[in-house]
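S.K.: Residue numbers (our numbering): 11 to 360.
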């Protein structure tokens, strides 16, 4: 029996040691999207973005297609700097993390006036949730919430056993420590620069590491085997994701206006919607604070030259989409934020 307890104790020590090594290694050799995801969550908790009181605040939520597509400085400029926006999109994640991310934000700030977001639910095949949801996760609140509300428990396992996720980072860290130790410090510096650029850009991140061609744009004749111009984009029903109601009820209670938008895709990827997708229309009808752009519910098809890879815009494309999104926002909320600005100006004059 003593040997059994000894073996169990040794096993526990080994697992703890491997977990600590994994966490330490991952701080250096995580992929760029993981770093951005983690540091965005941390930036909100540590209040790295100072939100001005005198302007309406807009938060952008979505996956990597929004992360790489909305430049807050361009969006604000299009609206004559009458608003202040943050790109809070998180790569490869559905609406559950948006909900907890918003709770983090509310602990440091007043509720935003508006949220502009794409619609991603947990019933979609979110392939990277099990690792990306743990990047910057709020423990224990968020961890327990996923454990109770999600059928798939792999994310929980990955949180408890990080060496399972970061084994490649462990091998790279050990190998580099032996044969090329100076690379570790250089990689740390590169990671800091990535995060600093993202913070300075108020959350916008050009996914440079996935760019397919040196000039940062796809060739005119580029296509993928999965492109299907006669196929309709699938939009998943919210019934399989309890966080849909949680998110929209919270925003409704706080009187946050939500604008649902589609993300940009390459021409020929799908066919255009003939009408507003039924699932999106149901959300608008169910929640009075949810709106759609008058014509902006249609998929924004962009030429290949605006994309750095098959799914994400380059900087030129991001500026184009930011302007387009600002125009949709102006179309729906122009009266709201202009009247609020007028009230602020009156108060300042008095």
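Glycine included, each C-beta is placed from N, C-alpha and C at the ideal position.
Quantities reported herein were computed from a predicted structural model and do not represent experimental measurements.
#1: What does the Cβ neighbour count give for residue 158, buried or exposed, with the cut at 16 atoms within 10 Å?
#2: Is residue 27 buried or exposed, if buried means 16 or more other CB atoms sit within 10 Å of its CB?
#3: Report yes if the C-beta distance between residue 77 and residue 99 is below 8 angstroms; otherwise report no.
#4: Got a sec? Which residues, its chain only, sit under 6 angstroms from residue 251 by beta carbon, not counting five neighbours each side?
#5: Hey, how far is the Cα of residue 140 from the Cα of residue 254?
#6: Would you mind stating whether residue 361 and residue 142 have Cβ atoms separated by less than 8 angstroms?
#7: May I ask you to list the residues that DSSP assigns as paired with residue 69?
#8: So, helix, strand or coil for residue 198, using DSSP?
#9: How big is the Cα-Cα spacing for residue 288 and residue 39?
#10: Quick check: the Cα distance between residue 101 and residue 64, rounded to an integer number of angstroms?
#11: Mapping the DSSP letters down to three states, classify residue 358 as helix, strand or coil.
#12: With a cut-off of 8 angstroms on the beta carbons, I'd call residue 121 and residue 94 a contact; round off their distance for me.
#13: By Cβ distance below 7 angstroms, which residues in the same chain neighbour residue 181 in space, the five residues on each side in sequence not counted?
#14: Given a threshold of 16 other Cβ atoms within 10 Å of its Cβ, counted over all protein chains shown, does residue 329 qualify as buried or as exposed?
#15: Please report the residue range of the alpha helix (DSSP H) in which residue 118 lies.
#16: Looking only at its own chain, which residues have a Cβ that is under 6 angstroms from the Cβ of residue 256, when we skip the five neighbours before and after it?
#17: Can you check which of these residues, 295, 54, 293, 275, is closest to residue 316 by C-alpha distance?
#18: Could you name the residues of the same chain whose beta carbon sits closer than 7 angstroms to that of residue 107, not counting the 5 residues immediately before and after it, in chain order?
#19: Alpha carbon to alpha carbon, how far is residue 128 from residue 73? Give it in angstroms, no decimals.
#20: Helix, strand or coil for residue 37, going by three-state DSSP, please let me know.
#21: From the DSSP output, in three-state form, read off residue 293 for me.
#22: How would you write the range of the beta strand (DSSP E) that residue 268 sits in, first residue to last?
#23: Using the three-state DSSP reduction, which class does residue 323 fall into: helix, strand or coil?
#24: May I ask you to report which of helix, strand or coil DSSP gives residue 242?
#25: I'd like to know if the region 224 to 236 and the region 298 to 305 are in contact, where contact means that at least 3 CB-CB pairs between them fall below 8 angstroms.
M.R.: Here's the rundown:
#1: Counted from its first residue, the chain shown places residue 158 at position 148. It is exposed - the Cβ of residue 158 has fewer than 16 other Cβ atoms within 10 Å.
#2: As a first step, residue 27 is located in the chain shown; it is residue number 17 there, counting from the start. With fewer than 16 other Cβ atoms inside 10 Å of its own Cβ, residue 27 counts as exposed.
#3: Residue 77 sits at position 67 when you count from the first residue of the chain shown. Residue 99 sits at position 89 when you count from the first residue of the chain shown. Contact flag set, yes.
#4: Stepping through the chain shown from its first residue, residue 251 is reached at position 241. Cβ-Cβ distances below 6 angstroms link residue 251 to 131, 132, 133 in the same chain, with the five nearest sequence neighbours on each side left out; the list follows chain order.
#5: Your numbering for residue 140 matches position 130 in the chain shown. Your numbering for residue 254 matches position 244 in the chain shown. So the two alpha carbons sit approximately 19 angstroms from each other.
#6: Because the chain here runs from 11 to 360, residue 361 falls outside it and cannot be looked at.
#7: Numbered from 1 along the chain shown, position 59 holds the residue referred to as residue 69. 96, 125, per the DSSP bridge assignment.
#8: Counted from its first residue, the chain shown places residue 198 at position 188. Three-state DSSP puts residue 198 in a helix.
#9: Within the chain shown, the letter at position 278 stands for residue 288. Within the chain shown, the letter at position 29 stands for residue 39. Whole-angstrom Cα-Cα distance: 42 angstroms.
#10: Residue numbering aside, residue 101 sits at position 91 when the chain shown is read from its first letter. Residue numbering aside, residue 64 sits at position 54 when the chain shown is read from its first letter. In this structure, the straight-line span from the alpha carbon of residue 101 to that of residue 64 is close to 30 angstroms.
#11: As a working mapping, residue 358 is identified with position 348 in the chain shown. Residue confidence is low: residue 358 scores 46 on pLDDT, short of 50, so the model does not pin down where it sits. Its coordinate-derived value is still stated next. Helix.
#12: The sequence position of residue 121 within the chain shown is 111, counting from 1. The sequence position of residue 94 within the chain shown is 84, counting from 1. 14 angstroms between Cβ atoms; not a contact.
#13: Here residue 181 refers to the residue found at position 171 when the chain shown is read from its first residue. For residue 181, where only same-chain residues beyond five positions count, there are no Cβ hits under 7 angstroms.
#14: The count along the chain shown starts at 1 and reaches residue 329 at position 319. A residue is called buried once 16 or more other Cβ atoms fall within 10 Å of its Cβ, and residue 329 is buried on that count.
#15: The residue labelled residue 118 in the question sits at position 108 within the chain shown. Taken as a continuous stretch (DSSP letters only), the alpha helix (DSSP H) holding residue 118 covers 105 to 118.
#16: Locating residue 256 in the chain shown gives position 246, where the first residue counts as 1. Within the same chain, residue 256 has close Cβ partners 109.
#17: Translated into the one-based positions of the chain shown, residue 316 becomes position 306. Comparing Cα positions, the closest option is 275.
#18: Taking the chain shown and counting its residues from 1, the one referred to as residue 107 is at position 97. For residue 107, where only same-chain residues beyond five positions count, the Cβ hits under 7 angstroms are 100, 143.
#19: On the chain shown, position 63 is the one that residue 73 refers to. On the chain shown, position 118 is the one that residue 128 refers to. So the alpha carbons of these two residues sit roughly 8 angstroms apart.
#20: Residue 37 sits at position 27 when you count from the first residue of the chain shown. Residue state, collapsed to three classes: helix.
#21: Numbered from its first residue, the chain shown carries residue 293 at position 283. Looking at residue 293 - three-state DSSP - the assignment turns out to be helix.
#22: Counting from 1 along the chain shown, the entry for residue 268 is found at position 258. Counted as a single uninterrupted DSSP element, the beta strand (DSSP E) harbouring residue 268 occupies residues 267 to 270.
#23: On the chain shown, residue 323 is found 313 positions in, with the first residue counted as 1. It is a strand residue.
#24: Locating residue 242 in the chain shown gives position 232, counting from the first residue. Three-state DSSP puts residue 242 in a strand.
#25: no
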